[in-house]
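Note sheet for the following structure.
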Amino acid sequence: MPRVAIDVLLKREILDPQGRAVEQALPGLGYHPASEVRVGKHLEMVVDADGDELASQVERMCEGFLTNPVIESYRWRVIADDERADA
Amino acid sequence: MRVGVVTFPGSLDDHDASVAIERCGGEAVALWHADEDLKGVDAVVLPGGFSYGDYLRCGAVAHRAPVMTTIAGFAREGGPVLGICNGFQVLCEAGLLPGALLRNEGLRFVCRDVLLTVEAADTSWTGAYVPGERIVIPAKHGEGRYHADAATLDRLEDEGRVVVRYAPGNNPNGSARDIAGVANERRNVVGLMPHPEHAVDADLLGGEDGRGFFESLLAAVQPS
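Chains as they are written, first to last, in this note's numbering: chain D, 1 to 87; chain S, 88 to 311.
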C-alpha cells in the first residue's frame, strides 16, 4: 500500500509568526541568515488505495479534515520507505 | 429557558458557562459531545478550553463530534448558538461562522482583561447592549488571531456582522480589523474569543460586563 507524505503550510499571504520568530533567531544563534521562513506540518500515512482512488481519497481527507482551506494550503506525494522523515 | 452547554474532552469553561447562565436567570443543561441529543434546549453554548487537545488545529476534531451535527442543524433553523474562545474556533471549523483563528501575532498566550466595543446589538446574544457600548471582559488564548479574506471581511463589515471589536490599541492577538467576534447572516450564531462567562460577578472577579450576552438570550428567546 502506498505511503503518502502531506505538507501543510499557512497560505503565503498569511502572517506566520512562528516562521518569523525562527527567522529572527537564526543569525543570533550563529547560523547563516535565512529569509521567508515558514513553519508548517508534515504528515505521513499509509493509505489503502491506488491510482485515481488514492488521489481522490487523499485530497478529500486534506480538504475536509487535515487542512483548513481558509488558512492553509498543502501538497502531497507518494514516498518510498527510505524517504520517510522519521527514518 | 434551557441553555445547553457542550462538554468536549478538554473543555475547561463549561462549568463557568453553566454558572453564568444560571446567574442570569436561565437553566443550564449539560450536553455531551458524543450524544446527538440536544435534550430540547432553547439555545446552545460552546465553551472555551482545548477540545481534543487542539490536535491538528483548534476545533478541527471537535466540529466532527456527534453533538455538532445536531447543533449545525439547530443553528441553521435559527437556534441561538454562542461559541466562546475554543467554541468560536469550533464554529469556524464547522463553517457555521466565516473565517478562522490563527496563532497570536506575538506568539504569546494572552491572559488579561480586554476593552471591547459592542458593534452589533441585533444578534440573539447582544440585544442587551447598546451599539458602541464599551465593555471589559477577560481574554485567554494562544490562537485568537481572527482571519478571513478581504472580501469576507468587507462583507462582514457591510452587513454589520462584526459583533465585538477590540477597542483601539487593545487588539491582543493581531486579529484582522480588530475583530473579536462575529455573527452569521441570521445573527443567531455568534462567536467571540474573549470570555463573557468569566465576567458575571462584580464581587468575585471584578466585573459583570459579560452578563449582557446571557441576558440578551433570555430576553430574545421564548422558552419552548
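Built from N, CA and C at the ideal position, the CB exists for glycine as well.
Cutting at 6 angstroms between CB atoms, please list the residues of its own chain near residue i, excluding the five before and the five after it.
| i | result |
| --- | --- |
| ALA104 (chain S) | VAL92, VAL132, PRO134 and GLU284 |
| PHE95 (chain S) | HIS120, SER138 and ALA149 |
| GLY294 (chain S) | VAL223 and ALA286 |
| THR239 (chain S) | PRO185 |
Please return the same chain residues whose Cβ sits closer than 7 angstroms to the Cβ of residue i, not counting the five positions on each side in sequence.
| i | result |
| --- | --- |
| LEU292 (chain S) | HIS285 and ALA286 |
| ASN271 (chain S) | LEU183 and LEU184 |
| CYS198 (chain S) | LYS227 |
| VAL249 (chain S) | GLU206, ALA207, LEU243, ILE266 and VAL269 |
| ASN68 (chain D) | none |
| PRO33 (chain D) | LEU26 and PRO27 |
Rounded to whole angstroms, what is the Cα-Cα separation between residue i and residue j?
| i | j | result |
| --- | --- | --- |
| GLY181 (chain S) | ALA80 (chain D) | First, the residue type needs correcting, since residue 181 (chain S) is Ala and not Gly in the sequence shown. Going by the C-alpha atoms only, they are around 35 angstroms apart. |
| SER211 (chain S) | GLY136 (chain S) | 23 angstroms |
| GLU164 (chain S) | ASP124 (chain S) | 16 angstroms |
| THR204 (chain S) | ARG298 (chain S) | 15 angstroms |
| LEU243 (chain S) | ALA267 (chain S) | 13 angstroms |
| SER311 (chain S) | ARG144 (chain S) | Because SER311 (chain S) carries a pLDDT of 48, less than 50, the predicted location of this residue cannot be relied on, and the following value inherits that uncertainty. Between SER311 (chain S) and ARG144 (chain S), the C-alpha separation is close to 36 angstroms. |
| PRO2 (chain D) | VAL46 (chain D) | 6 angstroms |
| ASP241 (chain S) | ALA187 (chain S) | 15 angstroms |
| MET155 (chain S) | ASN257 (chain S) | 32 angstroms |
| CYS62 (chain D) | LEU178 (chain S) | 19 angstroms |
| VAL269 (chain S) | ASP82 (chain D) | 47 angstroms |
| ASP122 (chain S) | THR157 (chain S) | 9 angstroms |
| GLY28 (chain D) | ALA21 (chain D) | 11 angstroms |
| ARG60 (chain D) | SER73 (chain D) | 13 angstroms |
| GLU23 (chain D) | GLY30 (chain D) | 12 angstroms |
| ARG264 (chain S) | ALA117 (chain S) | 35 angstroms |
| GLU192 (chain S) | GLY229 (chain S) | 9 angstroms |
| VAL39 (chain D) | ALA25 (chain D) | 14 angstroms |
| ALA152 (chain S) | GLY51 (chain D) | 31 angstroms |
| ASP209 (chain S) | GLN57 (chain D) | 43 angstroms |
| LEU66 (chain D) | ASP290 (chain S) | 44 angstroms |
| ALA49 (chain D) | GLU220 (chain S) | 56 angstroms |
Between the options, which lies nearest to residue i when the distance is taken from Cα to Cα?
| i | options | result |
| --- | --- | --- |
| GLY160 (chain S) | S:ALA263, S:ASP100 and S:ALA130 | S:ALA130 |
| VAL70 (chain D) | S:ASP236, S:ALA289 and S:VAL128 | S:ASP236 |
| LEU189 (chain S) | S:ARG199, S:CYS198 and S:CYS172 | S:CYS172 |
| GLY19 (chain D) | S:MET88, S:ALA147 and S:LEU194 | S:LEU194 |
| ASP16 (chain D) | S:SER98, S:ASP101, S:LEU118 and S:GLY261 | S:GLY261 |
| GLU36 (chain D) | D:ARG75, D:ASN68, D:VAL58 and D:LYS11 | D:LYS11 |
| ALA87 (chain D) | D:GLN57, D:TRP76, D:THR67 and D:GLU44 | D:GLU44 |
| GLY174 (chain S) | S:SER98, S:GLY247 and S:PHE300 | S:SER98 |
| PRO218 (chain S) | S:GLU230, S:ARG274 and S:VAL251 | S:VAL251 |
| ASN275 (chain S) | S:GLY231, S:ALA162, S:PHE196 and S:GLU246 | S:ALA162 |
| ARG273 (chain S) | S:ALA289, S:PRO259 and S:GLU246 | S:GLU246 |
| GLY170 (chain S) | S:PRO259, S:GLY231 and S:CYS111 | S:GLY231 |
| ASP288 (chain S) | S:PHE196, S:ASP101, S:GLU109 and S:PRO255 | S:GLU109 |
When you compare the CB positions of residue i and residue j, do they come within less than 8 angstroms of one another, or not?
| i | j | result |
| --- | --- | --- |
| HIS282 (chain S) | ILE222 (chain S) | no |
| LEU279 (chain S) | PRO167 (chain S) | no |
| VAL201 (chain S) | TYR253 (chain S) | yes |
| PHE301 (chain S) | GLY113 (chain S) | yes |
| ALA115 (chain S) | ALA215 (chain S) | no |
| GLN176 (chain S) | GLY146 (chain S) | yes |
By Cβ distance, which residues of its chain are closer than 8 angstroms to residue i, with the 5 residues on each side in sequence left out?
| i | result |
| --- | --- |
| HIS42 (chain D) | ALA5, ILE6, ASP7, VAL8 and ALA85 |
| LEU54 (chain D) | PRO2, VAL4, VAL47 and VAL78 |
| ASP296 (chain S) | ILE222, VAL223, ILE224, PRO283 and ALA286 |
Chain-ordered residues of the stretch 292–309 of chain S with a beta carbon less than 8 angstroms from chain D: none
Positions along the stretch 189–205 of chain S whose CB lies within less than 9 angstroms of some CB in chain D: LEU189, ARG190, ASN191, GLU192, GLY193 and LEU194
Within 9 angstroms of chain S by C-beta, residues of the stretch 9–35 of chain D in sequence order: LEU10, GLU13, ILE14, LEU15, ASP16, PRO17, GLN18, ARG20 and ALA21
Chain-ordered residues of the stretch 170–184 of chain S with a beta carbon less than 8 angstroms from chain D: CYS179 and GLU180
Interfacial residues, the stretch 60–74 of chain D to chain S, with Cβ spacing under 9 angstroms: PHE65, LEU66, THR67, ASN68, VAL70, ILE71 and GLU72
Residues of the stretch 238–250 of chain S whose Cβ lies closer than 8 angstroms to any Cβ of chain D, in chain order: none
The stretch 102–113 of chain S: positions lying closer than 8 angstroms to chain D by Cβ: none
Near-chain D residues of the stretch 142–162 of chain S (beta-carbon distance less than 8 angstroms), N- to C-terminal order: LEU143, ARG144, ALA147 and ARG151
Under 8 angstroms (Cβ pairs) to chain D, residues found in the stretch 116–139 of chain S: none
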